[in-house]
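Report on one structure; see the data block that follows.
There are 2 protein chains.
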Amino acid sequence: MQQITGITHADMADIALGGAFLGTGGGGDPYIGRLMAQQAIDRHGPVEVVDVAALDDDALLIPVAMMGAPTVMLEKLPQGDEAISALRSLEAVLGQKADAIFCIEAGGLNSTIPIAVAATARLPLVDGDGMGRAFPELQMVSMTMFGIQACPMAMADEKGNTLVLNAVDNLSTEKFARVVTVEMGGAALIALFPMTGAQAKEAILRGSLSLITNIGRIVRAEQEANRHPADRLSNELNGMRLFEGRVTDVERRTEGGFARGQARIEGLDRFHGRTLILRFQNEFLLAVEGENQYRAMTPDLICLLDLETGEPITTEQMSYGFSVIVFGLPCDPKWRSDSGLSLVGPSYFGYDARYQPIEILNQRS
Amino acid sequence: MQQITGITHADMADIALGGAFLGTGGGGDPYIGRLMAQQAIDRHGPVEVVDVAALDDDALLIPVAMMGAPTVMLEKLPQGDEAISALRSLEAVLGQKADAIFCIEAGGLNSTIPIAVAATARLPLVDGDGMGRAFPELQMVSMTMFGIQACPMAMADEKGNTLVLNAVDNLSTEKFARVVTVEMGGAALIALFPMTGAQAKEAILRGSLSLITNIGRIVRAEQEANRHPADRLSNELNGMRLFEGRVTDVERRTEGGFARGQARIEGLDRFHGRTLILRFQNEFLLAVEGENQYRAMTPDLICLLDLETGEPITTEQMSYGFSVIVFGLPCDPKWRSDSGLSLVGPSYFGYDARYQPIEILNQRS
Numbered sequence: 014m015q016q017i018t019g020i021t022h023a024d025m026a027d028i029a030l031g032g033a034f035l036g037t038g039g040g041g042d043p044y045i046g047r048l049m050a051q052q053a054i055d056r057h058g059p060v061e062v063v064d065v066a067a068l069d070d071d072a073l074l075i076p077v078a079m080m081g082a083p084t085v086m087l088e089k090l091p092q093g094d095e096a097i098s099a100l101r102s103l104e105a106v107l108g109q110k111a112d113a114i115f116c117i118e119a120g121g122l123n124s125t126i127p128i129a130v131a132a133t134a135r136l137p138l139v140d141g142d143g144m145g146r147a148f149p150e151l152q153m154v155s156m157t158m159f160g161i162q163a164c165p166m167a168m169a170d171e172k173g174n175t176l177v178l179n180a181v182d183n184l185s186t187e188k189f190a191r192v193v194t195v196e197m198g199g200a201a202l203i204a205l206f207p208m209t210g211a212q213a214k215e216a217i218l219r220g221s222l223s224l225i226t227n228i229g230r231i232v233r234a235e236q237e238a239n240r241h242p243a244d245r246l247s248n249e250l251n252g253m254r255l256f257e258g259r260v261t262d263v264e265r266r267t268e269g270g271f272a273r274g275q276a277r278i279e280g281l282d283r284f285h286g287r288t289l290i291l292r293f294q295n296e297f298l299l300a301v302e303g304e305n306q307y308r309a310m311t312p313d314l315i316c317l318l319d320l321e322t323g324e325p326i327t328t329e330q331m332s333y334g335f336s337v338i339v340f341g342l343p344c345d346p347k348w349r350s351d352s353g354l355s356l357v358g359p360s361y362f363g364y365d366a367r368y369q370p371i372e373i374l375n376q377r378s
Numbered sequence: 014m015q016q017i018t019g020i021t022h023a024d025m026a027d028i029a030l031g032g033a034f035l036g037t038g039g040g041g042d043p044y045i046g047r048l049m050a051q052q053a054i055d056r057h058g059p060v061e062v063v064d065v066a067a068l069d070d071d072a073l074l075i076p077v078a079m080m081g082a083p084t085v086m087l088e089k090l091p092q093g094d095e096a097i098s099a100l101r102s103l104e105a106v107l108g109q110k111a112d113a114i115f116c117i118e119a120g121g122l123n124s125t126i127p128i129a130v131a132a133t134a135r136l137p138l139v140d141g142d143g144m145g146r147a148f149p150e151l152q153m154v155s156m157t158m159f160g161i162q163a164c165p166m167a168m169a170d171e172k173g174n175t176l177v178l179n180a181v182d183n184l185s186t187e188k189f190a191r192v193v194t195v196e197m198g199g200a201a202l203i204a205l206f207p208m209t210g211a212q213a214k215e216a217i218l219r220g221s222l223s224l225i226t227n228i229g230r231i232v233r234a235e236q237e238a239n240r241h242p243a244d245r246l247s248n249e250l251n252g253m254r255l256f257e258g259r260v261t262d263v264e265r266r267t268e269g270g271f272a273r274g275q276a277r278i279e280g281l282d283r284f285h286g287r288t289l290i291l292r293f294q295n296e297f298l299l300a301v302e303g304e305n306q307y308r309a310m311t312p313d314l315i316c317l318l319d320l321e322t323g324e325p326i327t328t329e330q331m332s333y334g335f336s337v338i339v340f341g342l343p344c345d346p347k348w349r350s351d352s353g354l355s356l357v358g359p360s361y362f363g364y365d366a367r368y369q370p371i372e373i374l375n376q377r378s
């Protein structure tokens, strides 16, 4: 996989595409973040991307992100200033300027917003993230496994409200930030998990921005060659086509700041006569065939792709009649540890299921 | 009315009694705050009480308070450290130490908690407050009328969670702080409305601590002389006995961080055959006789006293069978301005009624 060293205006199309793919249905539409990043790059120049190994041990990394339900983010386009406002609030509390910007989430809007912030703040962006995909809650990052505190955490909205939180642990941080996000109208810009270069070298998932870019390039190249991207993605990413069919029902509700629900897919062609249920909380979390045959479980990645074009489909875009491929990818091995599964396994989300790796679940199909 | 210059352990009984009276049914049980203040005074010495006129114009006043539903406060006894934690968080943000502590609310728990904080922080307490009584929301203070911002505002809970809020206006501050309070388990310690001596001289209601102390002294002296305190309170405070009867029904629910509801009182003796409804949101806000004859309306004070002892009764203590006097007092004249009524008049609380002063409503009774 090719490692990237910078991000230009032109790169953003591939990054948004790759970000939508790793968004696993959630994380917000990267298109908004793409526009924000492109505007910021046009004004301030390209963004330097650095490997975490190149950072000083005492460098200060600050991750920035948007928090909230993707359905709300679509209606509430960020102005661009809020993320900088959150960054500056956190720097003020720390009494120190950031040396680099970081993505906590490699998927969706949060793969692109940090690029806009890095461009505007004229800071390098670290090639990595805390999830290797998108997840719905902010404690669900590799940093939590390594004992790094989400707080102090800064939040900002488009009205000019800001807030600095010092919660006692990362789950409490999520709970406080979530109710504030709802009060901020459903979406907020956040800066959190400040960490040193030394901490980041141990705790982050590396190479995520390069991965996103490569996925975007593959999808686009295959689309241009009139081939479905799923085959090459399977080969190059150890992925698998889990199911193909038509969306026949979507239940979706916004609840406690999240978009929760499930979608029903009736099989087409070689899947004719079979049914798959996708359950989601912002992101796709479970794929269940028939009564109770699990095909993929969080933290493994479940991506929904258009059956014709291979374009990633988010939970909020998905609706009746879409023809889709359900595509699965193994998660980062860090997530399969006990501490990883306690953060992002099926039981955390309230599903009565014991995690099994996607490779095991699909050995015979 | 006698002006006080200090608060000793022995004074706290009168202050808690007077605070319960001005709590107008809400503000939390001052007994908890009395114990906290007595412990702090025992450890650190008596509290100096100063007139606002004696402060330097550039002195920094920081009000501290407890926020939340009184019913929750009863179950969640503060440790004592949380209020200091909120104070220190706010000082850290301001980069300046407080020169004096201030009460935002003259009634209930919030008339006594600042005494504990002043003792512990070894700071003087200003003789005044922002309400002249208790009110349920934090923007409902005279400081709001004078353009003083509630933010930066610090919040702390007993688990060690803290937060600093910078909302764009005082109503937004209330809304954010309220959802955080609910997430903190229903009650939080707060420091907010930092202001200079010059601002305080213009904006605060003066003499509130002296008033509380004098009310407490009157009630206790009359109780000891086996006289009902209502008569002397009427004479000395321009108050009026609005109704006497027995509580026959109480509806109470905790909703959005508030204790809301209403109580029905059936008349006794000279009120026999008549019915009074008291509506409350933490505090008593409306007294309505029969179908729609208003007897008192927020911001005028509605206090519920035990028919025998004259002891103030809070909305959470009140229950079926209590024999009570409903006692009314005119509010501070500042509240009767248009800006005052827009903050705390009946329509703000969702009651379809135009404010009329208690003296007008009861001219003939």
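One line per chain: the protein sequences are P and W, in this order.
Residues are numbered in this note's numbering as their position in the first sequence, beginning at 1, plus a constant of 13.
Residues are numbered in this note's numbering as their position in the second sequence, beginning at 1, plus a constant of 13.
Note that the Cβ used here is the ideal one computed from N, Cα and C, for glycine as well.
Alpha carbon of residue i to alpha carbon of residue j, nearest angstrom
i: G41(P); j: R240(P); result: 27 Å
i: L184(P); j: Q152(P); result: 6 Å
i: D345(W); j: N251(W); result: 12 Å
i: S378(P); j: G173(W); result: Note on S378(P): pLDDT 48, under 50, position unreliable in the model; no value is reported.
i: A180(P); j: T175(W); result: 6 Å
i: R265(P); j: A272(P); result: 7 Å
i: F262(W); j: E279(W); result: Sequence check: residue 262(W) is Asp here, not Phe. Cα to Cα, D262(W) sits roughly 9 Å from E279(W).
i: A234(W); j: F297(W); result: 26 Å
i: M331(P); j: L222(P); result: 26 Å
i: A201(W); j: T209(P); result: 32 Å
i: F159(P); j: V65(P); result: 16 Å
i: I338(P); j: V154(W); result: 59 Å
i: I4(W); j: T157(W); result: The shown model of chain W, from 14 to 378, leaves out residue 4(W), and the question about it has no answer.
i: M166(P); j: A204(W); result: 19 Å
i: V63(P); j: F115(P); result: 10 Å
i: D112(P); j: A134(W); result: 38 Å
i: F362(W); j: F34(W); result: 22 Å
i: D182(P); j: D170(W); result: 14 Å
i: I228(W); j: V106(P); result: 44 Å
Within-9 Å CB hit, residue i to chain W
i: T175(P); result: yes
i: L100(P); result: no
Status (buried if at least 16 other CB within 10 Å, exposed otherwise) for residue i
i: Y307(P); result: buried
i: P242(P); result: buried
i: A78(W); result: buried
i: K110(P); result: exposed
i: E196(P); result: buried
i: E321(W); result: exposed
i: R146(W); result: buried
i: R191(W); result: buried
i: M51(P); result: The question names Met, yet the displayed sequence has Gln at residue 51(P). It is buried - the Cβ of Q51(P) has at least 16 other Cβ atoms within 10 Å.
i: G108(P); result: exposed
When the options are compared against residue i, the one with the closest alpha-carbon
i: A163(W); options: R191(W), T186(W), D27(W), R146(W); result: T186(W)
i: R245(W); options: R259(W), E257(W), G258(W), R230(W); result: R230(W)
i: H57(P); options: D170(P), L30(P), P137(P), L74(P); result: P137(P)
i: I315(W); options: F340(W), R47(W), E329(W), N248(W); result: F340(W)
i: T311(P); options: L317(P), A300(P), E304(P); result: A300(P)
i: G31(W); options: L374(W), L122(W), M168(W), I373(W); result: L122(W)
i: F284(P); options: E268(P), E257(P), S360(P), D313(P); result: E257(P)
i: E304(P); options: N295(P), D313(P), R287(P); result: R287(P)
i: P43(W); options: A26(W), S352(W), L356(W); result: A26(W)
Proximity test, Cβ basis, 9 Å: residue i and chain P
i: S378(W); result: Note that S378(W) scores 48 on pLDDT, short of 50, meaning its location in the model is unreliable; the coordinates nonetheless yield the value given after this. No, S378(W) does not count as interfacial toward chain P.
i: L178(W); result: yes
i: E150(W); result: no
i: V195(W); result: yes
i: F271(W); result: no
i: V77(W); result: no
i: K188(W); result: yes
Beta carbon proximity, residue i to chain A, threshold 9 Å
i: K110(P); result: Looking for chain A here will not work: the only protein chains present are P and W.
>> Counting beta carbon pairs with one atom in the stretch 20-31 of chain W and one in the stretch 96-104 of chain W, are three or more of them shorter than 8 Å?
In response: no
> When the Cβ atoms of the stretch 291-301 of chain W are set against those of the stretch 359-369 of chain P, are three or more pairs found closer than 8 Å?
Replying inline: No, the stretch 291-301 of chain W is not in contact with the stretch 359-369 of chain P.
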